[in-house]
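Counting in the numbering used here, the sequence shown runs from 1 upward without gaps. Here a beta-carbon is modelled for each residue, glycine too, at the ideal position from N, C-alpha and C. Bear in mind that the values here come from a model prediction, so they are computed numbers and not experimental data. Some notes on the structure that comes next.
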Amino acid sequence: MRKSILAIIAFTCVTATNAQLTKADEQKLNDLLKQMTIEEKVGQMTQVTIAVITKGGWADTEGDLDPAALKKAIIDYHVGSVLNVNAHAFTADKWNAIITQIQDETKNTKLKIPVIYGLDGMHGQTYTLSSTLFPQNLGMAATRNPSLVRAAAKVTANELRASGVRWNFAPVLDIGRQPLWSRFPETYGEDVYIAKTMGATAIKAYEEDGLKNITAVASCMKHYLGYSAPRNGKDRTPAYIPEIELREYYLPSFREAIKAGASTIMINSGEINGEPVHASKYLLTDVLRKELGFQGVIVTDWEDIKRLHDRHNVAATPREAVVMAINAGIDMSMVPSDFSFYDLLLEAVKLKEVPMSRIDDAVKRILTLKFKTGLFDNAYPEAAAKANFGKPEYQQLALDAAHEAMTLLKNKNNTLPLAKNTRLLVAGPSAQSITALNGCWSYTWQGNNEQWYPADSKTILQAIKDKGGDKNVFTTTVKGFNNVVNYDVTSLKRASANADVIILCIGEDAYAESPGNTRELALPDEQVELVKAAAMTGKPVILVLTEGRPRFITNIEPVASGILMAYWSGKKSAEAIADILFGDYNPDGRLPFSYPKSMGEFVMYDRKPTEEVREVFNDNAGGGYDPLFPFGFGLSYTTFEYSNLQLNSTNLKGDAKLTITVTVKNTGSRAGKHAVELYTHDLYASITPNMKRLRAFQKISLNAGESKQVTFTIDKNDLAFVNAQLKTITEAGDFEVMIGDKKAKFNYSY
Ligand code: BGC
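Here it is, written out as structure tokens:
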């Protein structure tokens with residue numbers, strides 16, 4: 001039964017402690033709160049999109065503010081926050097002008113409370129022209145290299161701050177266990193440990209310098225909770241997740257992020273088990289505030305309070321939606337296209353449907369964020385920050401990250417690396433595309449408009465030509481992922497006569513959010529036909545996959561001599577691809593997800609025993625975990641051997657630590673990096689144990705012939721799971737530890 005707004009249970013107020021503020025700031029904050037009217041408080045909780053203050057609203061593409069609209073937002077509605085762009089990225093100077101104009105207007109208010117501007121810097125600063133774009137999170141996960149995540153987040157923070165912006169709506173901490181989902185590329189893949197490690201690393205990098213510093217921004221972990229697992233794979237459609245699963249797989253990355261110091265959190269626009277998360281007092285207040293101890297700002301996602309009424313239909317009126325969300329624990333509403341939230345919340349407060357204590361709590365958290373980010377000291381873009389935009393070394397970092405993301409999935413007969421004088425036909429829809437190398441959140445929301453990319457962005461064709469030369473490298477393709485010319489099999493066959501090898505660049509063009517919804521993971525027929533036609537020529541075919549999620553390639557994999565998973569790896573994708581194809585970089589990426597073999601079966605690597613060995617009679621559907629390429633897979637041009645796996649004890653007791661060492665040797669003839677992964681397996685447990693769980697990884701570099709001993713330390717927390725009472729516990733019993741092809745057993749006792 002729909003809850004009546006009259007039946008609001010008394011709200012238990014959790015007051016932000018402000019341990020993060022200096023005494024002086026805390027004093028100022030409390031003084032300010034005392035002077036604020038209800039209207040000013042509700043205004044602080046209101047976040048609008050830039051269209052609300054631009055000339056002509058959404059029609060504006062250049063970020064030109066309308067003074068009257070700005071006045072209305074700041075003076076009449078006391079708006080606390082602004083976000084977004086209408087159409088595309090601006091120069092850093094333009095951003096500086098926009099932010100300056102907004103803060104100038106706040107000076108005309110009674111209390112002069114600055115506005116906090118927020119943007120989505122998801123793989124680099126999306127909305128500033130010429131910013132440095134890195135691999136999407138999925139590619140960053142493939143690097144298994146937190147130091148790259150850290151360095152990339154620092155650059156993002158610098159480039160945001162240089163743009164005058166102090167709040168980044170990143171990182172995405174959703175777990176990618178539903179490959180159909182259009183935001184899969186924004187996740188760190190299917191594994192909980194990778195997501196919590198990389199997520200916490202990014203958050204620390206954004207915030208650790210102190211948010212008053214010009215090298216830091218407030219982070220926003222998102223989208224709490226369970227956003228990534230819609231049952232049918234479409235964005236913002238129902239998820240059904242039992243709480244035991246929510247806690248085992250989806251909650252840990254947020255718990256870790258809170259420990260890492262995340263200042264803000266954004267909520268999942270979807271519903272779990274029939275309850276929209278924006279209306280869930282249990283998830284927002286009981287779990288997030290009380291259990292996880294999160295003190296920062298809880299912001300909605302786009303229009304999500306309105307949607308409680310008009311899409312989810314759990315609130316009979318728009319005001320009831322506001323009441324539900326604020327009483328559930330929301331602090332700030334990304335309204336964002338009008339002032340309806342402000343009017344409705346004011347009404348609700350006056351009718352006592354929302355207690356004043358809840359409003360004060362939310363406003364205190366918002367003001368804390370503004371004090372923390374130094375906006376009360378100086379709300380204007382900081383001149384010194386501008387020098388940190390677009391430093392030459394950022395390009396090298398983007399290349400390093402793209403190199404380490406690239407994941408070599410197949411290399412039959414060592415077709416790769418190619419000799420520099422190989423005659424190459426480079427074709428396929430991504431061969432001359434920049435957008436298909438970068439994906440979502442790249443200078444525009446969808447990332448699919450090349451007009452806004454830096455002029456020195458390279459296509460795969462250009463990067464290969466730079467190495468192989470114009471004489472040896474040719475194409476049948478043109479610009480435009482969907483241009484029919486790119487799928488012309490006749491010209492492809494004809495051109496292949498002069499080639500030794502065919503490089504086919506296929507996959508997906510950029511998309512973000514619901515425009516990326518798809519009914520299936522099959523590659524479009526014309527791409528499959530292209531691959532088949534290339535194979536018919538008898539020349540070796542190398543597939544380069546530029547894609548945000550695993551598209552189905554089981555039907556074409558057998559005809560390919562080589563397959564390189566390139567993800568959407570940002571500014572230097574093409575250069576990194578060319579380096580790997582020619583052996584100028586030895587690939588070391590490892591898949592952060594299980595590449596499905598069949599479109600009807602998605603089994604994750606951390607499968608349960610009954611998924612491993614299925615009870616089947618006359619089964620012709622294969623058995624157990626059987627992806628096309630398993631989680632963690634990735635080839636190198638050299639080989640690594642593991643030996644001498646040793647535990648400091650086979651009996652781990654209580655809170656003691658277990659030290660595990662293994663020797664890794666580069667047995668090939670090239671230097672290479674290698675991510676050493678440690679998995680554990682709980683043999684018997686009260687909840688069916690996973691067959692394996694990743695517990696640690698370390699990336700090492702080894703010269704040809706070199707050996708290194710790698711040491712890991714784990715404790716009982718690394719062996720824990722969520723039990724039937726929803727408690728995270730470690731049970732006594734036997735465990736296996738697995739590194740590479742080596743295994744050892746140990747016992748845990750209390
Ligand atoms: C997305 C968020 C994003 C917000 C603001 C929403 O549609 O789901 O991830 O932060 O827009 O751009």
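query: Going along the chain, which unbroken runs of the alpha helix (DSSP H) with 4 or more residues stay wholly within the segment 436–478?
result: Entirely contained in the segment 436–478, the alpha helix (DSSP H) runs reaching 4 residues are, in chain order, 460–468.
field: Own chain residues within Cβ distance below 6 Å of residue 527, not counting five before or after
entry: Within the same chain, 506 come within 6 Å of residue 527 by CB-CB distance, once the 5 residues on both sides are set aside.
- request: Please work out which residues of its chain come closer than 6 Å, Cβ to Cβ, to residue 608, disregarding the five sequence neighbours upstream and downstream, and give them in chain order.
  value: Contacts found: 688.
query: Can you tell me the Cα-Cα spacing of residue 90 and residue 298, whole angstroms?
result: Here the alpha carbon of residue 90 sits roughly 28 Å from the alpha carbon of residue 298.
task: Identify the continuous beta strand (DSSP E) that holds residue 707 and give its terminal residues.
output: Here the beta strand (DSSP E) through residue 707 covers 707–714.
message: Distance check for residue 300 and residue 743, CA to CA, integer angstroms please.
response: Distance from the CA atom of residue 743 to the CA atom of residue 300, rounded to whole angstroms, is 46 Å.
field: Cα-Cα separation between residue 485 and residue 445, rounded to whole angstroms
entry: Straight through space, the alpha carbons of residue 445 and residue 485 are spaced by roughly 27 Å.
query: Are the beta-carbon atoms belonging to residue 192 and residue 242 less than 7 Å from one another?
result: No Cβ-Cβ contact shorter than 7 Å links residue 192 with residue 242.
- prompt: What are the boundary residues of the alpha helix (DSSP H) that residue 633 is part of?
  reply: The continuous stretches of alpha helix (DSSP H) do not include residue 633, and DSSP gives it neither H nor E.
query: What first and last residue would you give for the beta strand (DSSP E) that runs through residue 46?
result: Counting along the chain, the beta strand (DSSP E) containing residue 46 begins and ends at 46–49.
query: Are the Cβ atoms of residue 279 and residue 308 separated by less than 7 Å?
result: The answer is yes: Cβ separation under 7 Å.
- request: Evaluate residue 364 with the Cβ neighbour count: other Cβ atoms within 10 Å of its Cβ, from every protein chain shown; 16 or more gives buried, anything less gives exposed.
  value: Its Cβ being crowded by 16 or more others within 10 Å, residue 364 is buried.
field: As assigned by DSSP and simplified to three states, the class of residue 18
entry: Its pLDDT being 45, under 50, residue 18 is placed unreliably by the model, and nothing is read from it.
message: Quick check on DSSP: helix, strand or coil for residue 65?
response: If DSSP states are grouped into helix, strand and coil, residue 65 belongs with the strands.
task: Measure the C-alpha to C-alpha separation of residue 117 and residue 586 and round it to an integer number of angstroms.
output: Distance between the alpha carbons of residue 117 and residue 586 is about 41 Å.
field: beta strand (DSSP E) runs contained entirely in the segment 488–568, provided each spans 3 or more residues
entry: Here the runs fully enclosed are 501–507, 541–546 and 562–565.
field: Three-state secondary structure (DSSP) of residue 223
entry: If DSSP states are grouped into helix, strand and coil, residue 223 belongs with the strands.
- request: Can you give me the Cβ contacts of residue 500 inside the same chain, cut-off strictly under 6 Å, excluding the 5 residues immediately before and after it?
  value: The beta carbon of residue 500 lies closer than 6 Å to those of 422 and 423 in the same chain, with the five residues before and after it left out.
- prompt: CA-CA distance, residue 171 and residue 206?
  reply: Each residue's CA atom was taken as its position, placing residue 171 and residue 206 some 10 Å apart.
- prompt: Could you give the distance in angstroms between the alpha-carbon of residue 715 and the alpha-carbon of residue 237?
  reply: So the two alpha carbons sit approximately 38 Å from each other.
- request: May I ask you to check if the CB of residue 90 is nearer than 6 Å to at least one heavy atom of ligand 1?
  value: No, the Cβ of residue 90 stays beyond 6 Å of every heavy atom of ligand 1.
- request: Assuming residue 149 contacts residue 198 (C-beta within less than 8 Å), just tell me the rounded distance between them.
  value: Contact annotation, residue 149 with residue 198: C-beta distance approximately 5 Å; criterion of less than 8 Å satisfied.
- request: Starting from residue 674, follow its DSSP beta bridges and name the residues at the other end.
  value: Within the DSSP secondary-structure output, residue 674 pairs in a beta bridge with 700.
query: What is the residue span of the beta strand (DSSP E) that residue 207 lies within?
result: No beta strand (DSSP E) holds residue 207; the alpha helix (DSSP H) holding it covers 192–207.
task: Return yes when the C-beta of residue 751 is under 6 Å from any heavy atom of ligand 1, and no when it is not.
output: Here the chain comprises residues numbered 1 to 750, so residue 751 is not present and cannot be evaluated.
query: Using a Cβ-Cβ cut-off of 6 Å (strictly less than) and excluding sequence neighbours within five positions of residue 200, which residues of its own chain qualify?
result: Within the same chain, residue 200 has close Cβ partners 256, 257 and 260.
Residue 642 and residue 740 closer than 7 Å at C-beta: In terms of Cβ geometry, residue 642 and residue 740 form a close pair [threshold 7 Å].
query: Who are the Cβ neighbours of residue 759 in its own chain at under 7 Å, not counting the five residues just before and after it?
result: The displayed coordinates of the chain run from 1 to 750. Any statement about residue 759 would go beyond what the structure contains.
message: Just checking residue 254 against ligand 1 - is the residue's beta carbon closer than 6 Å to any of the ligand's heavy atoms?
response: Because no heavy atom of ligand 1 lies under 6 Å away, the Cβ of residue 254 does not count as near it: no.
query: Based on Cα-Cα distance, which residue from 701, 159, 515 and 26 lies nearest to residue 640?
result: Ranking 701, 159, 515 and 26 by Cα distance to residue 640 puts 701 first.
Nearest candidate by alpha-carbon position, reference residue 294, set 362, 319 and 564: For the residues 362, 319 and 564, the minimum Cα distance to residue 294 belongs to 362.
- prompt: Are residue 550 and residue 597 touching if we call contact CB-CB under 7 Å?
  reply: Their beta carbons are not under 7 Å apart, which means residue 550 does not touch residue 597 by this criterion.
- prompt: Helix, strand or coil: how does DSSP classify residue 33 here?
  reply: Taken through DSSP and simplified to helix, strand or coil, residue 33 comes out as helix.
query: In terms of residue numbering, what span does the alpha helix (DSSP H) encompassing residue 79 cover?
result: First-last for residue 79: undefined, no H or E at that position.
message: For the alpha helix (DSSP H) containing residue 395, name the first residue and the last one.
response: It spans 392–405 - the alpha helix (DSSP H) in which residue 395 sits, taken as one unbroken run.
message: Given 6 Å as the limit, tell me if residue 181 has its C-beta closer than that to any heavy atom belonging to ligand 1.
response: Residue 181 has its Cβ no nearer than 6 Å to any heavy atom of ligand 1.
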